[in-house]
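Quick note: the sequence shown uses my numbering, first residue 18, plus one each step.
Glycine included, each C-beta is placed from N, C-alpha and C at the ideal position.
Everything numeric in this text was worked out from a predicted model, so none of it was measured.
Here is the structure we will look at.
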Amino acid sequence: MKLRTVLILGGIAIAIALISLWMGQAAYTWFPPQASAESILVDNLFSFLVTLGTFIFLGVVGTLTYSVLFQRSEKYDFSDGPHIEGNVKLEIIWTAIPFALVIWIAAYSYQIYDQMSILGPMEHAHHGHIMAATDAASINRDETATIEKIDVFARQWSWEFVYGKGTSIDVSSTELHLPNNRRIKLVLHSEDVLHGLYIPAFRVKQDVIPGRVIDFEFTPIREGKYRLRDSQYSGTYFAAMQTDVVVQSPEEYQQWLAEASRAVLTPAYNRASNEYAIRSLKGNQNWATVVPAAPPVVNYSSSN
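Structure representation (structure tokens):
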């Protein structure tokens, strides 16, 4: 009887494990395409958590369901249940297993965050060097000469990206262009309030803190057009503070830089400023709001 019970429980555990593994693999389809080396690390961590969470959920729900269906007392049985004292072995097991799982999750999560160089609250300062997280894309992290440095200026409510600041190139844009398979260092500046640089397809987010300069690194691995959003509420028109991120081949990126450097500096299109101006002309400002900063003057302007 005991062998039969062990075999049944073992079969159920295997079935739950297979379902959990399937759910973990399905979790990869819940996100946008993996467009950076960091996205691979984040998705692997999320898949692991989904697998583990599914196994625990099905195990707990299955046990409760079995107890409700097959361990009920008879209809008119009002007697007390058996008097059971504490079971030391059981208490050790149900304490040790959750403890081990929590340590496992914490260690794996820390490893991922360490590889991604996630900055904590006390580390939001200008760093001369941040460890790269590019093993997933097989990019040599020691080749510092391949790092592309771009200054990012956040203000209410627009993004401005400056390439080759202090060099002969010096291009500015309201659309973020990046070379594929190259390490990117964004030097983040906020000119007013707290903003958040968030690119869902890259699985990266970094607070942009006024009064501080923050280095933020990642590696694009997939050409295409993606979306950058402000992840922090920064005022009335913060939803308009978004733009495109264009990942190009290194050759196309250099060609874009050359063409942009020859363009005349002009005020960029800015949705927040336009909406504010229209409401002001109509006399339809029914709420107090900060006047949007003047649209940045750039070589290349995004149309949205």
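List the DSSP bridge partners of Y405. A question about residue 405 goes unanswered here, because the residues of the chain that appear run from 18 up to 321.
Separation of S248 from A256, as counted between CA atoms: A256 and S248 have their C-alpha atoms some 9 angstroms from each other.
Within 8 angstroms, do at least three Cβ pairs link the segment 75–88 to the segment 97–115? Result no; under three Cβ-Cβ pairs closer than 8 angstroms.
Pairwise C-alpha distance: A34 and G27: As the crow flies, the alpha-carbon of G27 is around 10 angstroms from that of A34.
Inspect the beta-carbon positions of R200 and E240 and report whether they are closer than 8 angstroms. The beta carbons of R200 and E240 sit no closer together than 8 angstroms.
Just tell me which of I216, L205, R244 and L245 has its CA closest to the CA of P227. Distances from the CA of P227 to each of I216, L205, R244 and L245 were compared; the closest alpha carbon is that of L205.
What is the C-beta distance between V262 and R279, in whole angstroms, given that I count them as a contact (C-beta under 8 angstroms)? About 23 angstroms separates the beta carbons of V262 and R279, which is beyond the 8 angstroms limit, so they are not a contact pair.
Taking the C-alpha atoms as reference points, what is the distance between P138 and T236? Only weak support exists for where P138 lies, its pLDDT of 46 falling under 50; the value from the coordinates is given anyway. Cα to Cα, the separation comes out at about 23 angstroms.
In the DSSP assignment, the alpha helix (DSSP H) including Q132 goes from what residue to what residue? Run containing Q132: V105 to M133, per the alpha helix (DSSP H) assignment.
Let me know the secondary structure DSSP gives S207 once reduced to three states. Secondary structure of S207 (DSSP, three-state): strand.
With 16 other CB atoms within 10 Å as the buried threshold, where does A142 fall? Its pLDDT being 45, under 50, A142 is placed unreliably in this model, and the coordinates cannot settle the point.
With S175 and N287 assumed to form a contact (beta carbons below 8 angstroms), what rounded beta-carbon distance in angstroms separates them? 5 angstroms between Cβ atoms; contact.
Could you tell me the alpha carbon to alpha carbon distance between I202 and I164, rounded to whole angstroms? The sequence given here places Lys at residue 202; Ile does not occur at that position. C-alpha of K202 to C-alpha of I164: approximately 7 angstroms in a straight line.
Any chance you could list the beta strand (DSSP E) runs of at least 3 consecutive residues sitting entirely within the segment 259–283, in chain order? Qualifying beta strand (DSSP E) stretches, in chain order: 259–265.
Where does the unbroken alpha helix (DSSP H) through V67 begin, and where does it stop? Per DSSP, V67 belongs to the alpha helix (DSSP H) from A54 to F87.
Answer with buried or exposed for R89, where buried requires no fewer than 16 other C-beta atoms within 10 angstroms of its C-beta. Counting Cβ neighbours within 10 Å, R89 comes out exposed, since fewer than 16 surround it.
Measuring only the C-alpha atoms, how far is L66 from T46? Taking the straight line from one Cα to the other gives about 15 angstroms.
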